[in-house]
Amino acid sequence: MGRYIIRRVLQAIPLLFIISVVLFVLMQASGDPLATLGGRRPPRSEDRERLRRQLGLDQPVLVQYLYWLIGNDWVLIDVDGDGVGDQYGTRKGVLRGDFGNSLVTRQPAMQVIAERIPNTLLLMITSEIVIIVVSLFIGVYSAIKQYSLFDHIITALAFVTYSMPIFWIALMLMYIFAVNFRAWGLPYLPTVGMYEPAAGKTVAQVAWHMVLPVASISLISIASYSRYIRSNMLEVINSDYIRTARAKGLSERRILFVHALKNAALPLVTIIGMDLPLLLGGAVVTERIFAWPGMGRLFLDHLTRMDYPVLMGLLMLISVAVVVFQLLTDIVYTWLDPRIRYT
Amino acid sequence: MSTSATAPGQFGEIGFATKPMSLWRMTLRRFLRHRMAVVGTVTLILIFLYIIIGSLIFSEAYANYNDTSIRLQPPSPEHPFGTDTVGRDILARTIYGGQISLMIGLLAAVVAVTIGTTVGALSGYYGGLLDAVLMRITEAMLSIPTILLLLVMSKFFSGRIPDVHLLGRTFSGSVIVIIVIIGLTSWMYLARIVRSCFLSLKEEEFVLAAHAMGAPHWRVILVHILPNTLAPIIVAATLGVASAILLEAYISFLGMGVRQPTASWGNMLDGAYQYLEQAPWLWIFPGLLIILTVMSINFVGDGLRDALDPRSEKKV
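Chains as they are written, first to last, in my numbering: chain D, 1 to 343; chain Z, 1001 to 1316.
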């Protein structure tokens, strides 16, 4: 097992390397981060040139990538443009934990991102819990009541929900629970932000503001997860050891939730492990609609200005999360299901 | 798959009363027995009729004609779906938007299937270093969330592709960008499926026989192995159309997709949430069309999966 983990980690290194090169090259060719610098008071062209040299944007893409990766504190940078290096660079490079400074806010990119991570995680983890709990309940129930009215309704709803774009679900929920509920004089849900500025950032405020975003994120996944659990459950319910459990006279609830569900939910671990980091990126749309100050919105905001240190930081962070979660999933799986062994 | 060429007379001599059904006929029969797949097919035909007949009634110029004096009007006999933020008729725009969305869905799926099949076939057939490199690239692409990758790529391509004039119409360059980038970001799962099919099929005896008869590699790949992997490719292509339509809607919704004034179901929704209260018709109609289309395609895909898999006969 130890050897397996080491091998997987070693395999991840070239993978992350490929990802970073491809993304970096794509971004460098996408636009000039200095084009929108200064907003309505653009800097003089001499200043712009000097800044370009200082930031290393005048260098070829591969050199820039090298600076991004291992820093430029070992080369002399030609700041005044006379062809002779004047001063050492200040960047340490990603490998030494420095993702560069945001071109927009001038803060370290990692700091900009770190401010947003808790907000996104709050949204994602809550959604994932809602998804798992609700879809386990629906999946098990529609499996034991196969072909009942409930099962048919859930099947139809799952198909419809699964075909909806997430933003349409969000708009619909907003329209019903915020706009119409207010029109009908019912307590209505907020649609924008994390809290009312007047009320402050209290737990109740944030929880209240989370209802709609979490519902929008969860619905599609609930549709597919519950179908998955249902079909697994149906397979398991007809197996011999369930019959044995019944013959032993165990209560139906114990059979379903202890004996059957354990095996039926096992493959779910893989799906959750694959989905969880992807949810980080999938939040782009939801965060935009609900003006949730998370990583997805950060990505969108900084993409329009080509702030590549922040964008690269975000993308690499998510890629690392994907790789780590895949490994964790495999490890957890062997622990949960002793029949599987990696060598 | 390739056994469909059995001569009818062959069975007649042994004494079958009726002619045996050909493989495609059997597939069609299994497909027609799948109720939801038939419903999906019919709905898709209706949607196609809607966007074709509709374009004969309204001109594209009318769909793009804006009159700000009638902006944000609720549905009325004159404008059955209402008007949008600059006074364009939403009904006409859903027709032309539908053409663009469906075209993007179909062509992006073609791009994705071409890349996926090629990568999977090469990787599975040749193995070795080529396989290792191609599979690492596939994994790398899978490790970045699709939407983020799409956004980065659309930023990269934006403004690089000029408008295209075809069949008397002008297609915004952004449409082509969307087709290319969706194709480039959705081939990975298919590549893995095709690769695994190739890995097992290339050990089969009919491949050995083909080699023994001196068939070149390209012939073994294209003529002998590929036809046997058609079933998963067809299913993936169908479902790919649905996911491409959804992805188009996502990036257009985020304002990085098809550019105005060209309509697509996705970009009709862009900015609609600012008028959530005043004008729900802005997003309800294009959204419903997206859902209906995607759902129908998913049903057809499910039906095809069952129909193309002979083992599923008992389940139906």
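Think of the CB as a built atom: it goes at the ideal place given N, C-alpha and C, for glycine as much as any other residue.
Check	Outcome
Taking buried to mean at least 16 other C-beta atoms within 10 Å of its own C-beta, is Ile1045 of chain Z buried or exposed?	exposed
State yes or no: is the beta carbon of Met27 of chain D nearer than 8 Å to at least one beta carbon in chain C?	This model lacks chain C altogether, as its protein chains are D and Z.
In whole angstroms, what separates the C-alpha of Thr352 of chain D from that of Phe24 of chain D?	Nothing in the structure corresponds to residue 352 of chain D, since chain D is present only between 1 and 343.
So Ser1123 of chain Z contacts chain D; which residues on that side make the cut at Cβ distance below 7 Å?	Going along chain D, no residue has its Cβ under 7 Å from Ser1123 of chain Z, so there is no contact; the nearest lies around 15 Å.
Name, going along the chain, the residues of the stretch 281–301 of chain D whose beta-carbon falls closer than 8 Å to a beta-carbon of chain Z.	Gly281, Gly282, Val284, Val285, Arg288, Ile289, Phe299 and Leu300
For Lys1315 of chain Z, name the three-state secondary structure that DSSP assigns.	Its pLDDT being 43, under 50, Lys1315 of chain Z is placed unreliably in this model, and the value from its coordinates should be taken loosely. Lys1315 of chain Z: coil per DSSP, three-state reduction.
Do you know whose CA, among D:Ile70, D:Arg243 and D:Ile289, lies nearest Leu173 of chain D's CA?	D:Ile289
Is the Cβ-Cβ distance between Met1141 of chain Z and Ser1123 of chain Z less than 8 Å?	no
Tell me whether the beta-carbon of Ile1233 of chain Z lies closer than 8 Å to the beta-carbon of Val1111 of chain Z.	no
Residues of the stretch 1242–1254 of chain Z in Cβ contact with chain D at a cutoff of 7 Å, in chain order, please.	Leu1246, Ala1249, Tyr1250, Phe1253 and Leu1254
Exposed or buried, what is His152 of chain D when buried is set at 16 or more other beta-carbons lying within 10 Å of its beta-carbon?	exposed
Is Val1133 of chain Z helix, strand or coil by DSSP?	helix
Please compile the residues from chain D whose C-beta is within a distance smaller than 9 Å of the C-beta of Trp1281 of chain Z.	Under the 9 Å cutoff, chain D gives no residues; its nearest Cβ is about 11 Å from Trp1281 of chain Z.
Give the DSSP-derived three-state secondary structure of Ser1004 of chain Z in the structure shown.	Confidence in Ser1004 of chain Z is poor, its pLDDT being 47 and thus under 50, which makes the residue's placement too unreliable to answer from.
Ile220 of chain D: which of D:Phe137, D:Ala158 and D:His302 sits nearest, CA to CA?	D:Ala158
How would you list, in chain order, the residues of chain Z whose beta-carbon sits under 8 Å from the beta-carbon of Leu328 of chain D?	Ordered by position in chain Z, no residue passes the 8 Å Cβ test against Leu328 of chain D, which lies about 14 Å from the chain.
Looking at C-alpha atoms only, which residue of D:Pro118, D:Leu103 and D:Phe17 is the closest neighbour of Tyr65 of chain D?	D:Phe17
Anyone know if the C-beta pair for Ile318 of chain D and Pro277 of chain D falls short of 8 Å?	yes
Kindly indicate the opening and closing residues of the beta strand (DSSP E) around Phe1171 of chain Z.	Arg1169 to Phe1171
Check whether the Cβ of Leu317 of chain D sits closer than 7 Å to any heavy atom of the ligand HEM, and report yes or no.	Among the ligands in the structure shown, none appear at all, so the ligand HEM cannot be discussed.
Contact between the stretch 227–246 of chain D and the stretch 89–109 of chain D: three or more CB pairs below 8 Å?	no
Determine the DSSP secondary structure at Asp1089 of chain Z, reduced to helix, strand or coil.	strand
Check whether the Cβ of Ile117 of chain D lies closer than 8 Å to any Cβ atom in chain Z.	no
So does the stretch 1091–1107 of chain Z actually touch the stretch 1281–1295 of chain Z, counting three or more Cβ pairs closer than 8 Å?	yes
On the DSSP letters alone, give me the boundaries of the alpha helix (DSSP H) that Ile18 of chain D sits inside.	Gly2 to Gln28
Spell out whether any CB of chain D is found under 8 Å from the CB atom of Gly1257 of chain Z.	no
Can you check whether the C-beta of Ala1307 of chain Z is within less than 8 Å of a C-beta belonging to chain D?	no
Would you please state the rounded distance, in angstroms, between the beta carbons of Leu268 of chain D and Arg8 of chain D? I believe it to be under 8 Å.	Rounded, the Cβ-Cβ distance is 21 Å, inconsistent with contact.
Could you tell me whether the Cβ of Met164 of chain D comes closer than 8 Å to any Cβ of chain Z?	yes
Under 7 Å Cβ to Cβ from Val206 of chain D, same chain only, skipping five residues before and after it: list those, please.	Met194 and Tyr195
When the Cα of Phe99 of chain D is compared with those of D:Met316, D:Val323, D:Leu189 and D:Thr334, which residue comes out closest?	D:Met316
Measuring alpha carbon to alpha carbon, tell me which of Z:Gly1040, Z:Tyr1273 and Z:Arg1088 ends up nearest Arg1058 of chain Z.	The residue asked about is misnamed: residue 1058 of chain Z is Phe in this sequence, not Arg. It is Z:Arg1088 whose Cα lies nearest to the Cα of Phe1058 of chain Z.
Would you call the CB atoms of Gly1082 of chain Z and Ala1263 of chain Z closer than 8 Å?	no
So, for Gly85 of chain D: in the same chain, excluding its five sequence neighbours on each side, which residues have a beta-carbon less than 8 Å away from its beta-carbon?	Val75, Leu76, Ile77 and Asp78
Is it true that the CB of Val323 of chain D sits closer than 8 Å to the CB of Phe299 of chain D?	no
If we cut at 8 Å on Cβ distances, does Leu23 of chain D have a partner in chain Z?	yes
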